[in-house]
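Have a look at the structure below before the remarks.
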Amino acid sequence: MRRGNLSTDARQEEGSAALEFILVGLILLVPIVYLIVALGAIQGQALGVESGARQLARTIATSDDAATSDARAERVIAAIVEEYGIDRGSLTVDVSCAGGGSPCPEAGATLLVTVSASVPLPLVPAVLGMQNFVRVPVQATGAQKVSRYWVSP
């Protein structure tokens, strides 16, 4: 009789394992896929900010004067925004010299360029301004020695 009861129980459970596997798989798979997409977006923007800081420091430090460096820096910023898809409104650039004091940049000084941006998370709806609160800040600093031929304004 025991054998008969087991076969009756087995027939009642038939086919539910596949359904459970699919249901649990979806419940686990959707957050993992979202996490991968979100981390990819953050990493892409972080690479853009890092590249922007490095290139801006190089561009400003190798320029001959302030007017040339400003024009070249604007072109670099435009290229970085276009290449990496960074929101221009959230992008901030801070230029300073190591040690402070005298006007920056000046010949022979070490130039520090800090670029910051905020990355919106994907698939966040524009309801009640949530897209403005659900952002991840990214920041990078690039350092470069200013050319000794720099002409102060």
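Under our numbering, think of the first position of the sequence shown as 183, with each following residue one higher. Beta carbons: idealized from backbone N, C-alpha and C, even for Gly.
Asked                                                                                                                           : Found
Thr274, buried or exposed, once every other Cβ within 10 Å from all chains shown has been counted against 16                    : exposed
Close Cβ partners of Ser251 (< 6 angstroms) along its chain, the five nearest in sequence each way excluded                     : Ile242, Ser245
8 angstroms contact criterion, which Ser300 and Arg317 should meet: CB distance rounded                                         : 4 angstroms
Near the ligand MG: Glu264 beta-carbon under 7 angstroms from a heavy atom                                                      : For the ligand MG, the structure offers nothing, since it holds no ligand at all.
Residues of its chain near Glu232, where Cβ-Cβ distance is below 6 angstroms and the 5 sequence neighbours each way are ignored : Ala322
Distance between Ala255 and Ile214 (C-alpha atoms, nearest Å)                                                                   : 39 angstroms
First and last residue of the uninterrupted alpha helix (DSSP H) at Gly234                                                      : 198-243
Environment of Ile262 [buried if 16+ CB atoms lie within 10 Å]                                                                  : buried
Neighbourhood of Val320 by C-beta distance below 8 angstroms, restricted to the same chain and skipping five residues each side : Ile224, Gln227, Ala228, Val231, Ser298, Ala299, Ser300, Val301
Close-in-space but distant-in-sequence residues of the same chain around Arg236 (CB under 7 angstroms, 5 per side omitted)      : Gly324
C-alpha gap between Ala249 and Val306, whole angstroms                                                                          : 41 angstroms
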